[in-house]
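Letter by letter, the sequence shown follows residues 136 to 675 in my numbering. Here's the structure, in structure tokens; my notes come after.
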Amino acid sequence: GDTKPALLLVTLAAALLLVITCVNVANLVLVRAVGRVREMVVRTALGAARGRIVAQLLTESALLSIAGGLLGMGLAIAAVRTFVTLAPPGLPRLDEVAVNGSALLAAVLITTVATLLSGLGPAILTSRVAGSDVLRSGIRHTGGRRVRAAAEALVVAQIALAAVSLTAAALVTKSLVELQQANLSFEPDQLLVAGLAFQQAQLPDPRRQLAALDLVLTTTAALPGVRGVTPVLSVPFSGAGAGVDGRLSSAEQSPEETAANPVLNMEAVEPNYFAMLGIPMLRGRAFRDDDRAGAMPVVIVSSSVARHFWPGADAIGKRLITSDREFTVVGLVPDTRYRELKTERPTVYFPLRQSPFPQVVPSTLLIRTTGSPARAVPTLRRAIVGASPGVTLVSASSLDALLDTQHAQPRLNAVVLALFATTAVALAAIGLFAVIASMVRQRTHELGIRMALGATGGDVCTMVMARGLVLAIAGAGIGIAGALATSRLLSRLLFGVRATDGPTLLAVAASMLGVAAIACFVPARMSMRIDPIIALRREA
Numbered sequence: 136g137d138t139k140p141a142l143l144l145v146t147l148a149a150a151l152l153l154v155i156t157c158v159n160v161a162n163l164v165l166v167r168a169v170g171r172v173r174e175m176v177v178r179t180a181l182g183a184a185r186g187r188i189v190a191q192l193l194t195e196s197a198l199l200s201i202a203g204g205l206l207g208m209g210l211a212i213a214a215v216r217t218f219v220t221l222a223p224p225g226l227p228r229l230d231e232v233a234v235n236g237s238a239l240l241a242a243v244l245i246t247t248v249a250t251l252l253s254g255l256g257p258a259i260l261t262s263r264v265a266g267s268d269v270l271r272s273g274i275r276h277t278g279g280r281r282v283r284a285a286a287e288a289l290v291v292a293q294i295a296l297a298a299v300s301l302t303a304a305a306l307v308t309k310s311l312v313e314l315q316q317a318n319l320s321f322e323p324d325q326l327l328v329a330g331l332a333f334q335q336a337q338l339p340d341p342r343r344q345l346a347a348l349d350l351v352l353t354t355t356a357a358l359p360g361v362r363g364v365t366p367v368l369s370v371p372f373s374g375a376g377a378g379v380d381g382r383l384s385s386a387e388q389s390p391e392e393t394a395a396n397p398v399l400n401m402e403a404v405e406p407n408y409f410a411m412l413g414i415p416m417l418r419g420r421a422f423r424d425d426d427r428a429g430a431m432p433v434v435i436v437s438s439s440v441a442r443h444f445w446p447g448a449d450a451i452g453k454r455l456i457t458s459d460r461e462f463t464v465v466g467l468v469p470d471t472r473y474r475e476l477k478t479e480r481p482t483v484y485f486p487l488r489q490s491p492f493p494q495v496v497p498s499t500l501l502i503r504t505t506g507s508p509a510r511a512v513p514t515l516r517r518a519i520v521g522a523s524p525g526v527t528l529v530s531a532s533s534l535d536a537l538l539d540t541q542h543a544q545p546r547l548n549a550v551v552l553a554l555f556a557t558t559a560v561a562l563a564a565i566g567l568f569a570v571i572a573s574m575v576r577q578r579t580h581e582l583g584i585r586m587a588l589g590a591t592g593g594d595v596c597t598m599v600m601a602r603g604l605v606l607a608i609a610g611a612g613i614g615i616a617g618a619l620a621t622s623r624l625l626s627r628l629l630f631g632v633r634a635t636d637g638p639t640l641l642a643v644a645a646s647m648l649g650v651a652a653i654a655c656f657v658p659a660r661m662s663m664r665i666d667p668i669i670a671l672r673r674e675a
């Protein structure tokens with residue numbers, strides 16, 4: 136259901152974070168290998184085969200991966216327990232979420248993959264440096280252009296992947312904010328949603344159930360702290376198909392147009408429904424007490440229903456047709472988010488006493504209270520039992536609590552993705568810092584010559600910062616392009632924001648460049664402190 140897209144996105148985010156981590160480790164191994172090239176050349180000169188050198192470096196990476204895998208398993212056990220505690224109550228099969236044998240096997244496979252991703256490439260690159268060139272060139276050239284280029288390419292890849300992750304987290308977070316601020320078109324504050332059950336032995340038919348409901352409504356309305364009460368067919372946010380749905384037609388439509396009509400929400404409500412929920416009447420009138428059996432059948436329609444059946448015309452006075460009756464439109468109200476929080480659904484409202492589905496008796500009460508809805512529940516329970524022994528209160532919840540349930544899954548998505556994105560950006564910053572710091576160490580002699588020829592510390596600092604920011608700009612650009620290319624994957628999880636939202640993409644790019652500037656600043660400051668004389672003597 137709705138959980139599947141979220142789980143797929145979290146799985147992709149976890150895989151992306153694993154790749155970023157492996158790239159980061161590979162980068163750090165490459166940076167470390169720059170200082171070990173002479174060691175590898177000496178080993179080769181003493182008879183070590185290239186395969187032996189690759190195996191040695193891969194073994195070192197495997198030890199890192201195994202240590203990380205073991206630590207990850209321990210952290211995973213704690214994280215899963217925390218997740219189960221914080222997860223939305225509606226998450227399917229939540230009781231089965233645990234670190235079991237399959238999870239541990241997956242951890243072993245992931246560790247193996249991480250070893251290959253993070254260790255194999257650096258090992259091969261390090262072993263391919265020409266020994267004669269290294270022995271002739273001295274320390275300042277021991278890194279080799281190939282290794283430095285690979286390290287910089289890995290940094291660009293990290294930043295790009297981190298930008299994709301950060302974009303997803305930013306869009307989902309912005310979507311959550313939009314969802315929390317969505318206009319419901321009705322007033323949710325101090326609203327209690329009470330579920331009723333009719334005892335079939337005492338109230339065997341809809342006529343008796345409706346009479347018992349009238350007694351309950353009269354008694355509930357008279358309770359202290361109750362401002363109003365109205366019955367409804369469906370619980371708020373219960374989703375499409377949870378209430379009564381159907382197709383209607385208008386007198387002006389042809390048979391072909393009638394066949395193409397959409398499925399509409401249908402609600403049977405009391406005259407006080409709109410006033411009590413705070414739904415504004417855009418045109419016409421609300422229902423009256425005399426809108427009952429024997430009177431002219433009437434309906435109230437929402438805006439999208441009016442636009443569909445009578446585009447550009449006034450809906451008041453028009454007729455809607457069910458299978459056996461015609462109803463005259465007497466009022467127009469806005470579409471609401473009563474059935475689904477994410478979607479304003481087209482709705483047709485019938486007077487409860489003229490309902491075209493008389494066999495369906497409302498079993499949910501919406502009660503507007505003067506104080507906290509929860510405080511009214513004990514009094515309400517006793518009052519319902521006293522009003523009609525055949526009716527019992529089976530559930531009671533504030534509308535705010537139902538709203539919070541609707542926000543729970545999007546909130547969890549945002550939190551998890553924000554955690555992954557923060558980690559990804561931090562790893563990218565670490566990788567960039569390592570490469571720039573390594574570049575400063577490798578080019579100490581060159582920087583010393585520049586300063587000896589008149590370059591200031593600020594000039595050197597600017598040069599180092601510029602190199603890091605060029606890598607960051609390239610990575611951020613590739614990452615934003617990747618986010619745009621994969622935007623359709625996010626679309627089902629977003630509300631009120633497009634997957635290609637320009638301000639969000641610009642904010643992500645600016646954030647990545649800001650983090651990159653911070654990561655480059657420390658090694659750039661280090662370059663300002665190079666003493667030209669010491670640098671030249673050391674190389675000599």
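The beta-carbon is built from N, C-alpha and C at its ideal position, and this holds for glycine as well.
Contact annotation: residue 303 and residue 625 have beta-carbon atoms nearer than 8 Å. Contact between the segment 582–592 and the segment 639–657 is absent, with fewer than three C-beta pairs closer than 8 Å. Counting along the chain, no beta strand (DSSP E) covers residue 255, and no H or E run does either.
In this structure, 661 is the residue among 218, 476, 330 and 661 with its C-alpha nearest to the C-alpha of residue 595.
Close CB contacts of residue 431 within its chain, under the 7 Å cut and outside five residues either way in sequence, are with 463 (chain order). DSSP, read as helix, strand or coil, puts residue 285 in helix. Note that the segment 326–337 touches the segment 492–509; at least 3 beta-carbon pairs, one per stretch, sit closer than 8 Å. With fewer than 16 neighbouring CB atoms inside 10 Å of its own CB, residue 149 falls in the exposed class. For residue 422, no alpha helix (DSSP H) segment is defined, and its DSSP state is neither H nor E.
About 6 Å separates the beta carbon of residue 475 from that of residue 374, a gap short enough to meet the 8 Å contact definition.
For the pair residue 223 and residue 547, the CB atoms are nearer than the 8 Å cut-off. Annotated as proximal: residue 372 and residue 541, with beta-carbon spacing under 8 Å. Following the DSSP letters along the chain, one finds residue 363 inside the beta strand (DSSP E) bounded by residues 361–367. Bounds of the beta strand (DSSP E) holding residue 437 are 433–437. In the pairwise beta carbon analysis, the segment 522–541 is classified as not touching the segment 383–403: fewer than three pairs are separated by under 8 Å. Put simply, of 654, 573, 306 and 615 the residue whose alpha carbon is nearest the alpha carbon of residue 604 is 654. Here residue 484 is near residue 434, since their CB atoms are less than 8 Å apart. Every candidate beta strand (DSSP E) stretch fails here, since none sits fully inside the segment 557–609 while reaching 3 residues.
The beta carbon of residue 508 sits closer than 7 Å to those of 325, 326, 327 and 533, all from its chain and outside the five residues before and after it, given in chain order.
Taking 8 Å as the cut-off, the beta carbon of residue 524 is found closer than this to the beta carbon of residue 337. Taking each of 391, 482 and 396 in turn and checking the Cα distance to residue 382, the smallest one comes out for 396. Per DSSP, the unbroken alpha helix (DSSP H) holding residue 219 starts and ends at 185–221.
In terms of CA proximity to residue 405, 488 leads the group 488, 446 and 356.
Per DSSP, residue 401 lies in no alpha helix (DSSP H); the unbroken beta strand (DSSP E) holding it starts and ends at 399–404. With 16 or more other Cβ atoms inside 10 Å of its own Cβ, residue 556 counts as buried. In this structure the segment 158–177 touches the segment 247–255; the number of beta carbon pairs closer than 8 Å is three or more.
According to the DSSP assignment, residue 380 belongs to the beta strand (DSSP E) that extends over 379–381. Assignment of residue 475 by DSSP, reduced to helix, strand and coil, places it in the coil class. Where residue 502 is concerned, the enclosing beta strand (DSSP E) starts and stops at 499–504. Under DSSP, residue 532 forms a beta bridge with 328. Under the three-state reduction of DSSP output, residue 390 falls in the helix class. Taking every protein chain shown into account, the CB of residue 369 has 16 or more other CB atoms within 10 angstroms, so this residue is buried. For residue 414, there is no enclosing alpha helix (DSSP H), as DSSP gives it neither H nor E.
Within the same chain, 454 come within 6 Å of residue 386 by CB-CB distance, once the 5 residues on both sides are set aside. Contact between residue 630 and residue 320 does not hold, since the beta-carbon distance rounds to 16 Å and is not under 8 Å. Cβ contact annotation for residue 333 (same chain, cutoff 8 Å, sequence separation greater than five): 344, 347, 496, 498, 525 and 526, in chain order.
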